[in-house]
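Beneath this line is the structure, given in structure tokens, with notes to follow.
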Ligand code: SAH
């Protein structure tokens, strides 16, 4: 994947990405000359040949994150935000994530945590994750071609995030890999998965079950005084179940 060198944004919020500063950038509002792109700095305003104005930015983590390759179903930002807030993930945290999928959750967590290790059974996904890690320039994330149901090598982890079809099969391994006071978070799209996971957590003496939540997000349209919910319905992404490891 080519890296993004500059982001151009119009007053109306339309974004354009310049990957090559040796070429003019063509947009629906005309083109921006390569000479202008090359000498542009963050905060500058440059004009296209049709006099349209663009604000210039260098890409930040979230700009790049929005452009990563995504083949598996990735966890939406609203759910990532909740996982971070609920478990208190911070720059000291060591996290194990499985399965990696496209690596969206792992990469986001790596951008704020000390270290992330992610397990993935499919080699084709591992290739995608590697590209995404490189594209984002992350150095504190390791990907392992391992099955989280079989074994977890890491110890004393602060948080384990599971986005696998049968998360209950990983609970015993998680108990060994987590430090006491650490969290297990399971993300599942369906109700039977939630039931089986939570029932298994309740039976396991290493864990105290905390809660299961569904985070719903509704965007609103604001046009002058016409303010109303965007018409698209509220979709379901998945349920988040949280438990805490209590014994050593
Ligand atoms: N959370 C990810 C998406 C995960 S999709 C993201 O935000 O991008 C689920 C992934 O789990 C798939 O890639 C699948 O191959 C992987 N997987 C399924 N079972 C697994 C297991 N037992 N161990 C490790 N990975 C597994």
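Numbering (my numbering), first residue to last: 131 to 378.
Just so you know, even glycine gets a beta-carbon here, dropped at the ideal spot from N, CA and C.
It should be emphasised that the depicted structure is a prediction, and the values quoted were computed from it without experimental measurement.
Legend entry - Opening and closing residue of the beta strand (DSSP E) in which residue 169 lies: Where residue 169 is concerned, there is no enclosing beta strand (DSSP E), although the alpha helix (DSSP H) it sits in stretches over 164-169.
Inset, instruction - Report whether the distance from the Cβ of residue 205 to the nearest heavy atom of the ligand SAH is below 7 Å. - result: yes
Inset, instruction - Check the DSSP bridge columns for residue 159 and list the partner residues they point to. - result: For residue 159, which the question treats as bridged, DSSP gives no partner whatsoever.
Inset, instruction - Would you kindly check if the distance between the Cβ of residue 221 and the Cβ of residue 197 is under 8 Å? - result: no
Legend entry - As assigned by DSSP and simplified to three states, the class of residue 258: helix
Inset, instruction - Assign residue 217 to buried or exposed, taking buried as 16 or more other Cβ atoms, counted over all protein chains shown, within 10 Å of its Cβ. - result: buried
Inset, instruction - Mind the definition here: the stretch 333-345 touches the stretch 276-284 only if three or more C-beta pairs lie below 8 Å; say whether that holds. - result: no
Inset, instruction - Compute every distance between the C-beta of residue 235 and the non-hydrogen atoms of the ligand SAH, then say whether any falls below 7 Å. - result: yes
Inset, instruction - Using a threshold of 8 Å, state whether the C-beta atoms of residue 149 and residue 133 are closer than that. - result: yes
Inset, instruction - In the DSSP assignment, find the alpha helix (DSSP H) that holds residue 213 and state where it starts and stops. - result: 207-217
Legend entry - Assumed close pair residue 256, residue 273 - CB separation to whole angstroms, cut-off 8 Å: 6 Å
Legend entry - Whole-angstrom distance between residue 326 and residue 296, CA atom to CA atom: 9 Å
Legend entry - Reduced DSSP category for residue 91 - H, G, I as helix; E, B as strand; rest coil: Outside the shown range of the chain (131 to 378) lies residue 91, about which nothing can therefore be said.
Inset, instruction - Give the C-beta separation of residue 377 and residue 316 to the nearest angstrom, bearing in mind that I take them to be a contact with Cβ-Cβ under 8 Å. - result: With a Cβ gap of about 19 Å, residue 377 and residue 316 do not count as contacting.
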